[in-house]
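Down below is the structure, laid out as structure tokens.
Numbering (this note's numbering), first residue to last: 467 to 676.
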């Protein structure tokens, strides 16, 4: 970023020769840059799904890992996004780091993680988060907050003195990326856009006009 005007400096331009041939490797580089720049919630990503009527639905979740195939996130399988992904696994995701004037857009297929992988991640969560996964019927209506608070207390008593197991209705998804676009803000709105598209086992890279 430049010292004045909030615009990226000249060396922030995005050139084809400077990016990795693999977009997931390049994605990790940009995530590392976001951490180094002390971006607030660098792993925040907007995940969009579609209902049976084709109506899209978007929400912000935290990416809990970046694999060689794409990002991972966790949720209730009975939530709106969980139900929509069960019917239609096509998904879109976006990361935005305003401090760096960078954005990554991604489309692909959401695959459920194995029970073993979901169990392993759930075991690392703070106990309060684990109890909330049991107490909340995510996306369902509830009469008032007191009901939710009481459920947390009930599950805290149920699992007192023992590890909290993962609910079978809760687990992870891997977004298997098929198309990834890197956007770098530039002066005069002549932004850099580089798009990767999967072609078999390889990736095709091309520049898009801003």
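The beta carbon of each residue, even a glycine, is placed where N, CA and C say it ideally should be.
Item	Value
For residue 661 and residue 482, the rounded distance between their alpha carbons	10 Å
Bridge-paired residues (DSSP) for residue 573	558 and 645
Stretch pair the stretch 514 to 527 + the stretch 581 to 590: three plus CB contacts closer than 8 Å	no
Where residue 537 sits in the DSSP three-state scheme	strand
Nearest candidate by alpha-carbon position, reference residue 663, set 646, 676, 613 and 675	646
CB-CB length for residue 636 against residue 542, believed under 8 Å	5 Å
Touch test, the stretch 553 to 565 against the stretch 493 to 509, Cβ-Cβ under 8 Å, three pairs minimum	yes
Per DSSP, cross-strand counterpart(s) of residue 512	526 and 560
Closest residue to residue 576 among 597, 653 and 552 (Cα-Cα distance)	552
Spatial distance of residue 478 from residue 654 (CA atoms)	14 Å
Supposed contact pair residue 604 and residue 544 - C-beta distance, whole angstroms, cut 8 Å	7 Å
Chain-order list of residues whose beta-carbon lies under 6 Å from that of residue 486 (same chain, five-residue window excluded)	492
Separation of residue 652 from residue 468, as counted between CA atoms	Confidence at residue 468 is low in this model, with a pLDDT of 39, below 50, so the placement of that residue is unreliable and no value is reported for it.
Nearest residue (CA-CA) to residue 589, options 622, 631, 619 and 612	631
From 648, 667, 670 and 674, residue whose alpha carbon lies closest to that of residue 559	648
Distance, residue 572 Cα to residue 494 Cα	14 Å
Between the CA atoms of residue 610 and residue 488 - distance to the nearest angstrom	48 Å
Other residues of its chain near residue 555: CB distance less than 6 Å, five sequence neighbours each side excluded	575 and 576
Assigned secondary structure, residue 656 (DSSP; H/G/I helix, E/B strand, else coil)	coil
CA nearest to the CA of residue 642, picked from 517, 539, 500 and 480	539
Residue 527 vs residue 557 beta-carbon contact at 8 Å	no
Enclosing alpha helix (DSSP H) for residue 614 [first to last residue]	611 to 624
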